[in-house]
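Asker: Here's a structure for you.
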Amino acid sequence: WGGYWAWDPVENAAFMPLLVATAYLHSVMIQEKKDMMKVWNMALVLLTFVMTIFGTFITRSGLIQSVHTFDEATLGYYFLAFLFVIIIACVALIIWRLPLLKGANELDSFLSRESSFLFNNLVLLGIAFATFWGTIFPIISEAVRGVKITVGPPFYNQVNVPIGLALLALIGIGPVIAWRRATFSNLKKNFLKPVSAGIVAAVVLFPVIPLGNRTEIYTYITFVLCVFVLTSMFTEFYKGTVSRMGLHDESAVGALATMTWRNKRRYGGYIVHIGVVLIFAGIAGSQAYGTHTEKHLQIGESFEIRGYTITYEKLIAVEATNVKTRIIAQLAVERDGKRYWTGHPEKEFYKGQNQPVSEVDVLSTWKEDLYMILADFREDESATIKVYVNPMVSWMWTGGWIIAFGSMISMWPDRLEQRRRLDRVRRQEQLFPSPAQE
């Protein structure tokens, strides 16, 4: 196939709970800091659970066509019934606990960290709703018009990409804007460097990236925003490190490590944001500049793609086991006149099964992935080869590892934070005693 995301219904089913849960992780900080948005946060938690069950329903019901769903699965009806039950239960739970969910404060200003987190929530939920609508649209169209209309990647890209760019901008704004109310001096102090870096990036990239279509324009905006957000994050690390070096006479590395470890949730979150930025950059680069070709070759024939010369050398048949046969194409990859790599995409045939399994071969570098597929072969040993060149895919995987690392830091147990949470719980118990305590 050659891609990493197809907006498949089952992929969407896993994506939507992640979006809602991410919204909760941001807005719950407002609840902890300002004792507000309790109803909103409870609704987000319950909606995350509902979307998880909805995803299971999509996968097990077979109502929506996908390569990942179970055809004619009877369990889908049970999950649908369960879905209705938990929706009713969640609404009833919020209504029942509403007196205990009243916040003590309200938003003071739209120019504040609280507001930026709220906008972050709305953007994440907007992406989740657009994805939800596109996922269930075939069911709705069949029920209303009698024709099942499938929504493909163009719809999701057209709707979600602009919203995603707004989310990327908010990633750089939220952590550095002041709580409660941002003043002009605060905005100037915190945003001078990130905005300046973004302007420089916009000027430098303008003659480099053509702006002839929507994809190229989105790519240009994405790279500019990535520079803005990264500058914002690194500035926060720099200011904290310099401050600690001055107060405690520590080295730069020691101050950075100690600062991060003693403020795990804050700086772990910044690390997660850096990983998200790399994923945005990887998606933009691979979508805008990826290319592919398909060639039917005889042994010894070659073709070129994006600076690579690929030669089909031979076809190898291997009896791997008594139940599996492997057909392997050997492809020589040259660059600048020198042999660069040897690829071995293959097809595996299992006895008793009509559908072969394709095993791709990938040359992955920091710059791009060279992705090879043995699409078909014939008795004369000619073969059809698909080759994809996907730039910046490694940036995405690196971003994923950085997110995992930052998440681990953020979730690492902190005794001081646990004491603070225990104190908050005790204060709430004093304000709202249970019937047994009364």
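In my numbering, the protein residues as written are 148 to 585.
Even for Gly, the Cβ is constructed at its ideal location relative to N, Cα and C.
Which ranges does the alpha helix (DSSP H) cover as unbroken runs of at least 4 residues, wholly within the segment 313-401, from first to last along the chain?
Answerer: If we require 4 residues or more, the alpha helix (DSSP H) runs fully inside the segment 313-401 come out as 331-352, 361-395.
Asker: Across the segment 368-387 and the segment 335-345, are there enough close Cβ pairs to call them in contact, namely three or more that are closer than 8 Å?
Answerer: Counting Cβ pairs under 8 Å, three or more are found: they touch.
Asker: Which residues mark the beginning and the end of the alpha helix (DSSP H) in which Glu-481 is found?
Answerer: Residue numbering aside, residue 481 sits at position 334 when the sequence shown is read from its first letter. Per DSSP, Glu-481 belongs to no alpha helix (DSSP H); it is in the beta strand (DSSP E), 471-482.
Asker: Would you list the one or two residues that DSSP bridges to Ser-511?
Answerer: For the purposes of this step, residue 511 is taken as the residue at position 364 of the sequence shown. Note: Ser-511 sits in a beta bridge opposite Asp-516.
Asker: Below 8 Å on the Cβ atoms is my contact criterion, and I expect Thr-297 with Gln-178 to pass it. Report the Cβ-Cβ distance as a whole number of Å.
Answerer: The residue given as residue 297 occupies position 150 in the sequence shown. The residue given as residue 178 occupies position 31 in the sequence shown. The pair is not a contact, with the Cβ atoms about 40 Å apart (cut-off 8 Å).
Asker: How many Å lie between Thr-458 and Val-308 at the Cα?
Answerer: Locating residue 458 in the sequence shown gives position 311, counting from the first residue. Locating residue 308 in the sequence shown gives position 161, counting from the first residue. Straight-line Cα distance between these residues: approximately 38 Å.
Asker: Can you find the residues in the same chain that come closer than 7 Å, C-beta to C-beta, to Arg-573, ignoring five residues on each side of it along the sequence?
Answerer: The count along the sequence shown starts at 1 and reaches residue 573 at position 426. For Arg-573, where only same-chain residues beyond five positions count, there are no Cβ hits under 7 Å.
Asker: Can you give me the C-alpha to C-alpha distance between Pro-582 and Gln-565, rounded to a whole angstrom?
Answerer: On the sequence shown, position 435 is the one that residue 582 refers to. On the sequence shown, position 418 is the one that residue 565 refers to. Only weak support is given to the placement of Pro-582: the predicted model assigns it a pLDDT of 49, under 50, and the value that follows is read from those uncertain coordinates. So the two alpha carbons sit approximately 26 Å from each other.
Asker: For Ile-356, which of Lys-181, Ala-170, Asp-523, Ala-435 has the nearest alpha-carbon?
Answerer: Within the sequence shown, residue 356 is the residue found at index 209, counting from 1. If we check each option's Cα against that of Ile-356, Ala-435 comes out closest.
Asker: To the nearest angstrom, how far is the alpha carbon of Ile-452 from that of His-439?
Answerer: Indexing the sequence shown from 1 puts residue 452 at position 305. Indexing the sequence shown from 1 puts residue 439 at position 292. Their backbone Cα atoms lie some 8 Å apart in a straight line.
Asker: Under DSSP, the beta strand (DSSP E) around Ser-449 begins and ends at which residues?
Answerer: Translated into positions along the sequence shown, residue 449 becomes position 302. Segment 449-452, the beta strand (DSSP E) holding Ser-449.
Asker: On a CA-only basis, which of Tyr-455, Asn-333, Gln-502 is nearest Asp-483? Give me that one, please.
Answerer: Taking the sequence shown and counting its residues from 1, the one referred to as residue 483 is at position 336. The shortest Cα separation from Asp-483 among Tyr-455, Asn-333, Gln-502 belongs to Tyr-455.
Asker: Identify which residue in Pro-300, Lys-185, Ile-318 has its Cα closest to the Cα of Leu-245.
Answerer: For this step, residue 245 is matched to residue 98 along the sequence shown. The option with the nearest alpha carbon to Leu-245 is Lys-185.
Asker: Within the same chain, show all residues whose beta-carbon is closer than 7 Å to that of Tyr-497, passing over the 5 residues directly before and after it, in chain order.
Answerer: If you number the sequence shown from 1, residue 497 lands on position 350. Excluding sequence neighbours, Tyr-497 sits near Val-470, Lys-471.
Asker: Give the DSSP-derived three-state secondary structure of Tyr-224 in the structure shown.
Answerer: Stepping through the sequence shown from its first residue, residue 224 is reached at position 77. Tyr-224: helix per DSSP, three-state reduction.
Asker: If I'm right that Gly-546 touches Leu-425 with Cβ under 8 Å, what's the distance once you round it to whole angstroms?
Answerer: By 1-based counting over the sequence shown, the position of residue 546 is 399. By 1-based counting over the sequence shown, the position of residue 425 is 278. That pair is a contact at about 3 Å.
Asker: Excluding the 5 residues preceding and the 5 following Val-419 in the sequence, name in chain order all residues of the same chain whose CB lies nearer than 8 Å to its CB.
Answerer: Start at 1 with the first residue of the sequence shown, and residue 419 comes out as number 272. Same-chain partners within the cutoff: Ile-549, Ile-550, Gly-553, Ser-554, Ser-557.
Asker: Give me, in chain order, the residues of the same chain whose beta-carbon lies closer than 6 Å to that of Arg-328; leave out the 5 immediate sequence neighbours on both sides.
Answerer: Along the sequence shown, one-based indexing puts residue 328 at 181. Within the same chain, Arg-328 has close Cβ partners Asp-255, Ser-256, Ser-259.
Asker: For Trp-280, which option in Arg-473, Gly-319, Phe-302, Phe-353 has the closest C-alpha, if you only look at C-alpha atoms?
Answerer: If you number the sequence shown from 1, residue 280 lands on position 133. Minimum Cα distance to Trp-280 is reached at Phe-302.
Asker: Would you give the residue range spanned by the alpha helix (DSSP H) that Ile-283 belongs to?
Answerer: Locating residue 283 in the sequence shown gives position 136, where the first residue counts as 1. Where Ile-283 is concerned, the enclosing alpha helix (DSSP H) stretches over 260-292.
Asker: If contact is defined by three or more beta carbon pairs under 8 Å, each pair taking one atom from either stretch, is the segment 409-418 in contact with the segment 522-530?
Answerer: The answer is no - the segment 409-418 does not touch the segment 522-530, with fewer than three Cβ pairs under 8 Å.
Asker: Would the segment 502-513 and the segment 386-400 be scored as touching if the rule is three or more Cβ pairs under 8 Å?
Answerer: These segments do not touch.
Asker: Do Gly-345 and Phe-427 count as a contact pair if the criterion is CB distance below 9 Å?
Answerer: For this step, residue 427 is matched to residue 280 along the sequence shown. For this step, residue 345 is matched to residue 198 along the sequence shown. Not a contact, by the Cβ cut-off of 9 Å.
Asker: Figure out for me which residue from Trp-152, Asn-159, Val-192 has the closest Cα to the Cα of Ser-174.
Answerer: As a first step, residue 174 is located in the sequence shown; it is residue number 27 there, counting from the start. For Ser-174, the nearest C-alpha among the options comes from Val-192.
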